[in-house]
Amino acid sequence: MKKIQISPSILSADFSQLGNEIKRLEESGADMIHVDVMDGHFVPNLTIGPPVIEALKKQSSIPFDVHLMISPVHKYIQDYASAGADIITIHPEATEDLNSSITKIKKLNKKVGVSLNPQTKIDAITEYLDKIDLVLIMSVNPGFGGQKFMPEVLDKIKDLNKIKEKKNFNFDIEIDGGINFDNSKKAIQAGANILVSGTTIFKSNNGDIKKNIELLKSK
Ligand code: DX5
Ligand code: ZN
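Residues in the sequence shown are numbered from 358 upward in steps of one, following the numbering used here.
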């Protein structure tokens, strides 16, 4: 079993203090920084892009876990790699050719993630599981922080974990959306090893990020 890692989503951070927020996350034990990139087209919300990521990257030494909710994604992959993304995660629905987008990310020497929306089945990516580094299971419909966790995705994590063990694959299983101190344990038991969290990390326990990271890691 892989070590449990926490990837706080800066979507819930104070946007007027992003550089300081990133430093605070690193000092509080975050394993990586989850950056939600939204285009107002693939999802009905708009966030940040490469220039902001490039500026923030200078404030941190932990990996940037960049979740691209943009379509068409392929032509922008290079920009996010250059901006400093360490993991680039894309949605199958956002590219005309998933295989070539995966190949492009790998050629840029970045870790490649593929994300499954709550309604998207594992079948959409089965043929690529031997070459990707991470599967991001969405436990809300992408677009906004602070939504309610969808427990039905836990079965998908269990099924994915079974395939992983049977075939001896090495990808990480990351879960994203509505994670709290209760469902985090269920997600870990189902087989997730990276937990994304925005609201719980930044808002619980009066914003005690260190405590919230520790609580999310506990099984
Ligand atoms: C949703 C994003 C998530 C989300 C996490 O589209 O991908 O990363 O912001 O935030 P919480 O933990 O608040 O659901
Ligand atoms: Zn995300």
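Quick reminder that beta carbons are idealized off the backbone N, C-alpha and C, glycines included.
Whole-angstrom C-beta distance between residue j and residue i, which should lie under 8 Å
{"i": "F528", "j": "V492", "result": "6 Å"}
{"i": "I410", "j": "A387", "result": "Contact doesn't hold; Cβ gap of about 16 Å is too wide."}
{"i": "V469", "j": "I459", "result": "5 Å"}
{"i": "P475", "j": "V400", "result": "Between V400 and P475 the Cβ distance is about 13 Å, and since that is not below 8 Å, they are no contact."}
{"i": "I520", "j": "A549", "result": "With 8 Å as the limit, I520 and A549 do not qualify as a contact, their Cβ atoms being about 14 Å apart."}
{"i": "L382", "j": "M395", "result": "20 Å between Cβ atoms; not a contact."}
{"i": "F506", "j": "N562", "result": "With a Cβ gap of about 19 Å, F506 and N562 do not count as contacting."}
{"i": "N328", "j": "Y485", "result": "The question about residue 328 has no answer here: the residues shown for the chain are numbered 358 through 576."}
Coarse secondary structure for residue i, derived from DSSP in three states
{"i": "K415", "result": "coil"}
{"i": "S472", "result": "strand"}
{"i": "T460", "result": "helix"}
{"i": "T477", "result": "coil"}
{"i": "V510", "result": "helix"}
{"i": "I489", "result": "coil"}
{"i": "L572", "result": "helix"}
{"i": "T452", "result": "coil"}
{"i": "I445", "result": "strand"}
{"i": "D565", "result": "coil"}
{"i": "I494", "result": "strand"}
Nearest candidate by alpha-carbon position, reference residue i, set the options
{"i": "Y335", "options": "I494, T556, K461, D565", "result": "No answer is possible for residue 335: the residues shown for the chain start at 358 and end at 576."}
{"i": "I390", "options": "E531, N563, G548", "result": "E531"}
{"i": "K467", "options": "S457, I445, A481, T452", "result": "I445"}
{"i": "I479", "options": "Q504, L511, K464, L425", "result": "L511"}
{"i": "F372", "options": "K359, Q362, L413", "result": "L413"}
{"i": "P365", "options": "I558, S417, S418", "result": "I558"}
{"i": "E571", "options": "S385, G534, A438, F501", "result": "S385"}
Where residue i falls, given that 16 or more other Cβ within 10 Å makes a residue buried
{"i": "N569", "result": "buried"}
{"i": "H424", "result": "buried"}
{"i": "M358", "result": "exposed"}
Residue ranges of each alpha helix (DSSP H) within the stretch 515–563, 4 or longer: 540–547, 556–560
Entirely enclosed beta strand (DSSP E) segments - the stretch 358–419, minimum 3 residues: 362–365, 390–395
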